[in-house]
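Novice:
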């Protein structure tokens, strides 16, 4: 990535939380309005926002691109899986789950006795939150929403593809019979997972209705 060397660092304003309001203004609306306002008074500002999850978009909460004149556009595209970044994250997460199950099926050389890694999908599908898979023995597992997966958190924290690969390699996926942790690197999963994420790792540039540039990248849930 490019490193600016001839300019002083800008100021970072982090909008972390807001009390609920009757009209529904929240972190996104506040961030967009603030960035537009700063540009309006002659400052150079841009917004950095998370991508909406399809779960809330089709749930009670709805979309997440702002409201009123404090919106990023194209709103419909951003709300409806945009450039497919979350699908890539879902694929990387579920590839690891498939590799775990296949390793156990092929003889379980790593002696994996307890699997803590869960599958994910970017949708509110209550029936899949708790499921039983049938392999050599029945395993209780389930699906989390993609935005709450560890891959999503890693995706947003990583500074570059090398850092992304390193963090993916350190994911703990379960325990051996001796209660020793098993990592994704033991399955050599990190390379394939990074390959699935390489295009999604590039941030998406959009703009507000006021013409302020905005980056849309990732979308981790705190829970």
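In the numbering used here, the protein residues as written are 21 to 243.
In this text, a Cβ means the ideal position worked out from N, Cα and C, and glycines have one as well.
(1) Would the C-beta of residue 167 count as close to the ligand SAM, meaning under 7 Å from any of its heavy atoms?
(2) What are the boundary residues of the beta strand (DSSP E) that residue 202 is part of?
(3) Classify residue 229 as helix, strand or coil using the three-state DSSP reduction.
(4) Note down, in chain order, each residue of its chain lying with its Cβ closer than 8 Å to the Cβ of residue 99, except the 5 sequence neighbours on either side.
(5) Once you ignore the five residues that flank residue 51 on each side, which residues in its own chain have a CB closer than 7 Å to its CB?
(6) Just to confirm before moving on: does the CB-CB distance between residue 214 and residue 181 stay below 8 Å?
(7) Does DSSP classify residue 219 as helix, strand or coil?
(8) Using 8 Å as the Cβ pair cut-off and three pairs as the minimum, do the region 108-128 and the region 154-174 touch?
(9) Determine the DSSP secondary structure at residue 104, reduced to helix, strand or coil.
(10) Output the boundary residues of the beta strand (DSSP E) element that contains residue 58.
(11) What does residue 1 pair with, by DSSP beta-bridge criteria?
(12) Look at the alpha carbon of residue 167 and the alpha carbon of residue 239, and state the distance between them as a whole number of angstroms.
(13) To the nearest angstrom, how far is the alpha carbon of residue 55 from that of residue 207?
(14) Between 45, 221, 47 and 116, which has its C-alpha nearest residue 183's C-alpha?
(15) Our contact map puts residue 250 next to residue 140 with C-beta atoms below 8 Å; I'd like the distance itself, whole angstroms only.
(16) Can you check whether the CB of residue 91 is closer than 8 Å to the CB of residue 217?
(17) Quick check: what's the CA-CA separation for residue 39 versus residue 45?
(18) Buried or exposed for residue 210, please, with buried defined as at least 16 other CB atoms from any protein chain shown within 10 angstroms of its CB.
(19) In the DSSP assignment, find the beta strand (DSSP E) that holds residue 241 and state where it starts and stops.
Specialist: If we stick to the structure as given:
(1) By its list of ligands, the structure shown contains no ligand whatsoever, and the ligand SAM lies outside what it can speak to.
(2) 201-203
(3) coil
(4) 72, 77, 83, 84 and 85
(5) 35, 67 and 69
(6) yes
(7) coil
(8) yes
(9) coil
(10) Here residue 58 belongs to no beta strand (DSSP E); instead the alpha helix (DSSP H) covers 47-60.
(11) As shown, the chain starts at 21 and ends at 243. That puts residue 1 outside it, with no answer to give.
(12) 6 Å
(13) 44 Å
(14) 221
(15) Outside the displayed range of the chain (21 to 243) lies residue 250, so it cannot be described from this structure.
(16) no
(17) 9 Å
(18) buried
(19) No beta strand (DSSP E) contains residue 241, which DSSP labels as neither H nor E.
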